[in-house]
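The structure appears below as structure tokens.
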Amino acid sequence: MRRTRFFRTAVLAFITVLMATAAGRGETTRERVLREGTIVIGISNGAPWGYRGADGEPTGFHPDLVRAAFARLGVTKVDMVIAEFGALIPALNANRFDAIAAGLYISPERCKLVAFSDPDLKLADAALVMKGNPKNVHGYADIAAREDIRFGVGRGSTTAKNASAAGVPQDRTQLFPDIQSNVAALLAGRIDVAAFSAPTVARILSDDNISGLERVMPFQGTGGQDRFGYSAIAFRMDDSDLRDLYNAQLQALKSDGTVAKIMAKYGFSEEETAPDLKSDQLCKGD
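Residues 462 to 747, numbered by my numbering, are exactly what the sequence shown covers, in order.
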């Protein structure tokens, strides 16, 4: 009888410890996403990356990629929070959403703040000017050297970093919170050149509501050469297990052609397919 009573007491104590441990640990983001079947993404409302569609649902290259990856795991709902591009990382780390799906490039600086997935695209910088290229701009070097050229770029973007590295001065650079305001400034004559990723430029020029602009061809990047960026989904540092889960699905989507189909849907070319690199390599600046 004493042995039975002791055994019961020991079992109850063990269960109590397990429950206390679980309660103390709390539910991880990965566990919650899989349990609820919903993931919340942060976007900056800019095409083709991530924006609110006509139906009110998140659409764009990265939302579609996230949707395809997590659907394989039974996560069928993708909700969104819209934030300025430069505010996406702080908002992610403030738990406003679970991942950034907005064309964020991997960089060593950002890798100190977020856990990136493996890259999904390889992209070059591009620039827009008014038709006829009145300032005869063909690269960052021209913008840096000419005091009469006013330059616009996205706040917190890798494009802004590349322009600065090429010597474009801050006093002639206007930083914009989103694609729309940058384009509006160019059309209004407040700036002479606007820089984006190449796919963003292609998307802007395909918009029937925008006219009078042209892409600078050729456009030389930092050091007179193309400087490639690699886009990816960003997760919180504490959610590396969710990132790893996504990476496994991303690899499968690359293998079965789904990534290529989503790329084509949003106007990306085969040349912009990401090479077989891991985020760890790019975080080191390799």
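Beta carbons are placed, not taken as given, at the ideal position from N, Cα and C, and that holds for glycine.
Grab the span of the alpha helix (DSSP H) containing residue i for me, first residue to last.
i: R493; result: 490-497
i: R676; result: It is not in any alpha helix (DSSP H) - R676 instead sits in the beta strand (DSSP E) that spans 674-676.
i: Y601; result: 601-606
i: P551; result: 549-554
i: V644; result: 640-648
Buried or exposed for residue i, going by 16 or more other Cβ atoms inside 10 Å?
i: R496; result: exposed
i: R651; result: exposed
i: P580; result: buried
i: A483; result: Confidence in A483 is poor, its pLDDT being 44 and thus under 50, which makes the residue's placement too unreliable to answer from.
i: M724; result: buried
i: P660; result: buried
i: A649; result: exposed
Does DSSP put residue i in a helix, a strand or coil?
i: S730; result: coil
i: T619; result: helix
i: L479; result: Interpretation of L479 is limited by its pLDDT of 44, a score under 50 that renders its predicted location unreliable; no figure is taken from the coordinates.
i: A484; result: Unreliable placement is indicated for A484, whose pLDDT of 44 sits below 50; no coordinate value is reported for it.
i: V720; result: helix
i: F689; result: coil
i: G684; result: helix
Name, in chain order, the residues that DSSP records as bridge partners for residue i.
i: M541; result: I502
i: G746; result: DSSP output for G746 lists no bridge partner at all.
i: D586; result: S658
i: P519; result: R513
i: F612; result: T634, V654
Could you check where the beta strand (DSSP E) with residue i kicks off and where it finishes?
i: T634; result: 634-637
Taking contact to mean at least 3 C-beta pairs separated by less than 8 Å, is the stretch 516-532 in contact with the stretch 710-719? Yes: at least three Cβ pairs fall under 8 Å.
Within the chosen definition, does the stretch 605-613 reach the stretch 679-696 through at least 3 CB pairs nearer than 8 Å? Contact between the stretch 605-613 and the stretch 679-696 is absent: fewer than 3 CB-CB pairs across the two stretches fall below 8 Å.
Would the stretch 590-600 count as touching the stretch 617-625 if we require 3 or more Cβ pairs under 8 Å? no
Could you tell me whether the stretch 502-518 touches the stretch 633-646, where touching means 3 or more Cβ pairs closer than 8 Å? Flag = yes, the stretch 502-518 and the stretch 633-646 touch.
Counting pairs of Cβ atoms below 8 Å between the stretch 531-548 and the stretch 567-582, do you hit three or more? no
Is there contact between the stretch 642-649 and the stretch 663-678, where contact requires at least three CB pairs shorter than 8 Å? yes
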